[in-house]
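Chemist:
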Amino acid sequence: METEVVGPDGLPQAATELDLDAVAVAVPAHRPAPTRRTIATFPDSLDGGLNLYCSLLASCDGLLLIRDAARQYLVLNPATWQWSDLPRLAVQQGGRAVTQESGFYFHQPSGEYRLLCHVSYEYGEFDAQAPHYCVLSTGAKEPRRLMSVQATPMEMEMEETIAYHQWLPPKSRCFMNLMTPAELHGRLHWLQHVEAGLTGQMVAFDTAAETFRRMPPPPVTCKMHSHLLVADGSLMVAELGHRFMDLWFLEGYGGGAAEGTWEHRHRVDMRWPITGPLLVAGGDGGDVVLGHNQGVVAYNLRSRTVRQVVDVDESGDEPLLLPSRYVFRESLVRHGFFEERKHPGLPSFRCGP
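In numbering that gives the first Met the number 0, the protein residues as written are 0 to 352.
(1) Going by DSSP, what residues sit across from Phe243 in a beta bridge?
(2) Using the rule of at least 16 other Cβ atoms within 10 Å of the residue's Cβ for burial, across every protein chain shown, is Glu339 buried or exposed?
(3) Along the chain, where does the alpha helix (DSSP H) that runs through Phe336 open and close?
(4) Alpha carbon to alpha carbon, how far is Ala21 from Ala230?
(5) Phe337: buried (16+ other C-beta within 10 angstroms of its C-beta) or exposed?
(6) Comparing C-alpha positions only, which one of Cys221, Glu111, Trp261 sits nearest to Gly335?
(7) Which residue's Cα is closest to the Cα of Thr15: Arg95, Thr34, Leu51?
(8) Checking the sheet assignment: what are the DSSP bridge partners for Val229?
(9) Output the distance between the C-alpha atoms of Tyr298 and Arg306, rounded to the nearest integer angstrom.
(10) Can the beta-carbon of Leu277 be found closer than 8 Å to that of Gly290?
(11) From Lys140 to Leu73, what does the alpha carbon distance come to, in whole angstroms?
(12) Does the Cβ of Met178 have 16 or more other Cβ atoms within 10 Å, making it buried, or fewer, making it exposed?
(13) Name the one or two DSSP bridge partners that Asp60 has.
(14) Hey, would you say Thr79 sits closer than 8 Å to Arg333, going by beta carbons?
(15) Evaluate Phe204 with the Cβ neighbour count: other Cβ atoms within 10 Å of its Cβ, from every protein chain shown; 16 or more gives buried, anything less gives exposed.
(16) How big is the Cα-Cα spacing for His226 and Val288?
(17) Grab the span of the beta strand (DSSP E) containing Thr373 for me, first residue to last.
(18) How is Gly281 classed by DSSP in three states: helix, strand or coil?
(19) Am I right that Asp60 and Ser330 are in contact with their C-beta atoms under 8 Å? What's the rounded C-beta distance?
(20) On the CB-based measure, 16 or more other CB atoms within 10 Å of its CB, does Leu183 come out buried or exposed?
(21) Helix, strand or coil for Glu194 per DSSP?
(22) Exposed or buried, what is Gly253 when buried is set at 16 or more other beta-carbons lying within 10 Å of its beta-carbon?
(23) Looking at C-alpha atoms only, which residue of Pro216, Trp189, Leu75, Leu17 is the closest neighbour of Phe327?
(24) For Met146, name the three-state secondary structure that DSSP assigns.
(25) On a Cα-Cα basis, can you pick out the residue from Thr206, Leu234, Trp261, Val202 that is closest to Pro217?
(26) Considering only the beta carbon of each residue, do Val202 and Glu209 sit closer than 8 Å?
(27) If we count the other Cβ atoms within 10 Å of its Cβ and call it buried at 16 or more, is Cys221 buried or exposed?
(28) Where does the unbroken beta strand (DSSP E) through Ser323 begin, and where does it stop?
(29) Please report the distance separating the alpha-carbon of Asp18 from that of Met223.
(30) Can you tell me which of Ser302, Val267, Cys133 puts its alpha carbon nearest to the alpha carbon of Ser101?
(31) Within 10 Å of its beta-carbon, does Gly232 have 16 or more other beta-carbons around it, so buried, or fewer, so exposed?
(32) According to DSSP, what are the bridge partners of Pro42?
(33) How would you label Thr34, buried or exposed, when you count the other beta carbons within 10 angstroms and need 16 or more for buried?
(34) Which first and last residues belong to the beta strand (DSSP E) in which Thr210 is found?
(35) Would Pro380 pass as a contact of Pro142 if the rule is Cβ separation under 8 Å?
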């Protein structure tokens, strides 16, 4: 479906609309099967898909993080239809900012929601400023630079816009999941991260101390086919095979100095081949959720059973299913920052069906 919006140049342009649907995963067996519910509809791309009108970057505690065409970050609660914006990164005269978003999370000590960004500025082919990390917080007036962290340079070809192309060498594709870290014990965890350097280790970011540290990785065969997640209070990794999923647990990990030990506990057989799933996440009640264009399934760690959450109609009568990478947990909490930094919201972005 198409709509008309005002493009970055101020002129009207045709845009392709997307429906953002949610479906309940944790549903008691005695209740009817859940149905997809549209929580928002918005223009996704302009110029026949050549440019993005806005991008969904993250979901946290019922809040959606959106980046618009002008690279402004907006926070939306679709349940209360409240909008706010995050502080904008400074524009260096004559330079070009290269930003890699690296996690949207709740900061317990301050009660803020924060976006961690890897930032560098380029002034020409051979002239660049040393990279650094910034935190953009809800309610704050300015971005805050992390002085305690020395950022590792990130090559241009690692940007998310080309990271999906499977023909690129692993070096160019390894940072495609930075916005889906596994959060546990006040830390964000990534299986692959620029701060690991060439060590091949995992990386954890302590959201209170605002420091990075490296951790031993799981003994998986292929990291590109593996995803970190948290379920049932444990940090684990799902390694995906052709028709199966292996689950490794980090036993004894409490977020402190003890690293824990990786243990293989589950192998889950799948009904369809797993080729590039879009969603691998931990759900409520011990669920591990796997989303694919052929459907969404949940494996329960406690009962060791697989259930179909969404099944695609092979006849083609249903709209195309394209699972996002994010789990949405609806919330009616009316945060104070929505009043402190009100935003009118994006035009043509509407709530519900």
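Ideal Cβ positions, reconstructed from N, Cα and C, are used throughout, including at glycine.
Modeler: The structure says:
(1) Asp268
(2) exposed
(3) 336-339
(4) 20 Å
(5) buried
(6) Glu111
(7) Leu51
(8) Leu234
(9) 7 Å
(10) yes
(11) 14 Å
(12) buried
(13) None; Asp60 has no bridge partner.
(14) yes
(15) buried
(16) 11 Å
(17) No answer is possible for residue 373: the residues shown for the chain start at 0 and end at 352.
(18) strand
(19) 6 Å
(20) buried
(21) helix
(22) exposed
(23) Leu75
(24) coil
(25) Trp261
(26) no
(27) exposed
(28) Looking at the DSSP string, Ser323 is not in any beta strand (DSSP E), and its letter there is neither H nor E.
(29) 29 Å
(30) Cys133
(31) exposed
(32) Glu16
(33) exposed
(34) 210-214
(35) Residue 380 cannot be examined here, being either before or after the span of the chain that is shown, 0 to 352.
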